[in-house]
Amino acid sequence: MLSVRSVLGSQLSSKWLPLQCLCYSSSAAAVEAERTVREGPRNDWTKPQIKSIYDSPVLDLLFHGAQVHRHAHNFREVQQCTLLSIKTGGCSEDCSYCPQSSRYDTGLKAQKLMNKDAVIQAAQKAKEAGSTRFCMGAAWRDTIGRKTNFNNILEYVKEIREMGMEVCCTLGMLEKQQALELKKAGLTAYNHNLDTSREYYPNIITTRSYDERLETLKHVREAGINVCSGGIIGLGEAEEDRVGLLHTLATLPTHPESVPINALLAVKGTPLQDQKPVEIWEMVRMIATARIVMPKAMVRLSAGRVRFSMPEQALCFLAGANSIFTGEKLLTTPNNDFDADQLMFKILGLTPKAPSFSEDETSASEAENCEEAVSSSVGNSSYSLVGLPPFSPSVNPFNTKIEKSMNKFSSSETIGSGSRFKAIWDSQSVETFCDLCIEEVELGHRPETHFTKEGWDNLIQNFSKATGREYNKVQLKNRWDTLKNDWKLWRDLVGKETGLGWNVKSNTIDASEEWWHKKLQVHSTAAKFRKKGIDSAMMEKLDRMFMNTTATGDHAWAPSSGVLPSDSSNNDIIQVESIADSDESMPFEITQNVASVEKGRTTSMLDKCNNTLGVRDGIRKGKNIVARGRRKVKTSVKSPEHIDGMLNTINTESVAASQMQNDTVCSITGAMQKLVSMTWLKPSNELWLFASRLFLMKDKREVFSLLEEAEDMLTWLRYEKEHSLHS
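Going by my numbering, the letters in the sequence shown line up with residues 1 to 727, in that order.
In structure tokens form, the structure reads like this:
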């Protein structure tokens, strides 16, 4: 918890500090935000407490919403979701805001359920544009009597889940058995909004009761599916009704994992067509209050976002929103398209949130006994009996996953809420998994960011042989994704730091409280590394898994040495600045290429790098070489003799073979062949056409030839295209 002194800044004198403390403490938002940070989520909120937060001065509320958000989440991470209407119009309900109701003349024609190919194509497009969650909405009152359509949707869920995306559905009211079937298919979340307060609800809808909505949420929760439930503002409700909505959600035994905050888009032909637009300050109040009372939830800036400017949306992200719906349509209403959101992410410095499956999701194969696992808890008819145990002050409220296992690499992944089936991961099984992954990477079974079908099949079989544990693809992929996220976070945390020691006793970096405090303001989720860091041996394995590098010793400092390798600039360091702009761009490392030569490759990347950038001459003259680009990647060289030894090793390669391959790779034909190998990038794609023109320039071909990872090639091409638009 930040002290008031640190929040106000060192420039404030102690003379004024008591007055400032009094001012900050007098705000309900300040008091409750501090309590939330200290104690974690709670379910005993009263309406007056939430109302006092909501009524706090808007700047104060914004500040303290942001404060809670930074403690509970990576504050720059925003999840991108896409919502598709798979069955449009013809709904029998009388929701007064909805253009899909058959009771209103909005010009919307009813359509049948979309076929599988069209839905999967839309999901693929959304994934390529950056969405990690794909949501499907059907304009139905409920799913009763729709067996054929419901079974089709189960197939949609399975296939989209296999694409590596989170999957959400909103299909109206849901029965218990249907919830279990959706869980078995691999559904991540189910959306069923409460819309408004219980008191105002009859003014909006009469064909479905408030309790029926809560009953659906109960079935979803008991099936082990994440709950997505929020509401709409701008319906004509009073501020007390907005508070009432948040109170209902915040006092559920388990807070919804997702809370969409929608601003009404008044549609002509509906009873609410003349409602005034929602002001940005109203959205900020709702989002910040939701963040304080439900700190761990994903607060989604949902419908109506298209009306807000980029600076206005930035206020919402500051207040605590960390998810958006992106794409031209949000069901049937206008929405911000993919390109506009990509630009916003760049300008605001936001980063896309990766999908998360490790604790809350299962595929069909994992959930065969889901119904049996859930049945033991269904006997409790009261919704209030289903929930989490109260938080203890001794438990870190925002890192419950970490608290379950103090050793980051020794944990269990729950497969379905309440299920008996778990993937148990200890340090030995993780190390075995990493070794097997490296084998598949080096066999070429990871052409992009994940393994091919053959690669996954090999992993499943070989892991079972090595450990006796029969884990399926989803369980292994969960571990892959977890390790990758930790690898990225560790690199961001200590990758460019100098002078840090290694504490053998605590098995992590030896850094001061001040250092950790500063870092956790930027990387809040890195708190877990205070308990256990990633040692050099594991980091080298992770590099080989996710960067496709060979063993280099670059990270291999001995813990007993006490100091991490320095990354500072000196006369023994060659700085090569890469054009690539990805967090996973592969640095040009001399030691990597020695290893490559020793493994029998005919041409090392160092030769190509030397030919293109003139590094070899620079090494012999003791110069620092810096090529033009965006990222600097430094490589430490111990001594001139060490360099000469490496160069002599490299020069033992066949000169003729090296020259032949270099000429081929750097030719237009060679560059185009690499482009064609990126099979998911079609010739009709604008980026593909841009690349074909870019390769007319020899220096661009040479740089492209140095990139080995498909992900790096794609990142570099996107960077070049974007740079060309501004030059």
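C-beta: ideal position from N, C-alpha, C; glycine also. In this text, all values refer to a predicted model and were calculated from it rather than measured experimentally.
To the nearest angstrom, report how far apart residue i and residue j are at their CA atoms.
i, j, result
"N262", "G230", "8 Å"
"P389", "L483", "Here the model assigns P389 a pLDDT of 36, short of 50, so the residue's position is not dependable, and the following value carries that caveat. Between P389 and L483, the C-alpha separation is close to 28 Å."
"G728", "T669", "Outside the shown range of the chain, which is 1 to 727, sits residue 728, and nothing can be said about it."
"S92", "Q100", "9 Å"
"K518", "M539", "23 Å"
"L675", "G444", "17 Å"
"N462", "K473", "12 Å"
"D44", "R133", "31 Å"
"F690", "M163", "27 Å"
"E737", "K700", "The structure shown does not extend to residue 737, since the chain spans only 1 to 727, so no value can be given for it."
"N203", "L350", "39 Å"
Quick one: measure Cβ to Cβ for residue i and residue j, integer angstroms, because I've assumed they're closer than 8 Å.
i, j, result
"G172", "R141", "5 Å"
"S323", "V299", "7 Å"
"R544", "V441", "7 Å"
"D241", "Y200", "4 Å"
"K147", "G186", "At roughly 19 Å, the Cβ-Cβ gap does not stay under 8 Å, so K147 and G186 are not in contact."
"L330", "L83", "5 Å"
"S302", "P260", "4 Å"
"S429", "R469", "7 Å"
"F529", "W487", "Going by Cβ atoms, the distance from F529 to W487 rounds to 12 Å, so no, they are not a contact pair."
"N74", "H523", "7 Å"
Do residue j and residue i have their beta-carbon atoms positioned less than 8 Å apart in this structure?
i, j, result
"P41", "H255", "yes"
"V278", "I233", "yes"
"A66", "L318", "yes"
"P271", "S96", "yes"
"P355", "E166", "yes"
"F150", "Q177", "no"
"C169", "S131", "no"
"T196", "E237", "yes"
"W490", "C437", "no"
"V293", "C316", "no"
"R213", "L194", "yes"
"A29", "I50", "no"
"T525", "P295", "no"
"T333", "L108", "no"
"A33", "V68", "yes"
"S705", "A671", "yes"
"L235", "V227", "no"
"P352", "V78", "yes"
"T88", "G269", "no"
"E175", "K116", "no"
Going by DSSP, what residue range makes up the beta strand (DSSP E) through residue i?
i, result
"T170", "E166 to T170"
"D510", "T508 to D510"
"V267", "Note, V267: premise wrong, no beta strand (DSSP E); not H, not E."
"G137", "R133 to A138"
"V259", "S258 to A263"
"I205", "Per DSSP, I205 belongs to no beta strand (DSSP E) and is neither H nor E."
"S323", "S323 to F325"
Going by DSSP, what residue range makes up the alpha helix (DSSP H) through residue i?
i, result
"N191", "Run containing N191: none in the alpha helix (DSSP H); it sits in the beta strand (DSSP E), A189 to N191."
"T467", "K453 to T467"
"Q475", "K473 to V494"
"Q49", "K47 to Y54"
"E239", "E239 to A250"
"E77", "No alpha helix (DSSP H) contains E77, which is instead part of the beta strand (DSSP E) from E77 to K87."
"G304", "Neither: G304 is in no alpha helix (DSSP H) and is coded neither H nor E."
"N151", "K147 to E162"
"V68", "V58 to A72"
"C434", "S427 to E442"
"G670", "I668 to S677"
Could you tell me whether any non-hydrogen atom of the ligand GTP is closer than 7 Å to the CB of residue i?
i, result
"I205", "This structure does not include the ligand GTP; it has no bound ligands of any sort."
So, is residue i buried or exposed, given that buried needs 16 or more other C-beta atoms within 10 angstroms?
i, result
"A556", "Any answer about A556 is weak, because its pLDDT of 40 lies below 50 and its placement is not dependable; what the coordinates show is given next. Per the 10 Å Cβ criterion, exposed."
"R70", "buried"
"W281", "exposed"
"E514", "exposed"
"L493", "buried"
"E181", "buried"
"G327", "buried"
"T188", "buried"
"V111", "It should be pointed out that residue 111 corresponds to Gln in this sequence rather than to Val. Exposed, by the Cβ-count rule."
"I424", "exposed"
"A537", "exposed"
"K346", "exposed"
"R38", "exposed"
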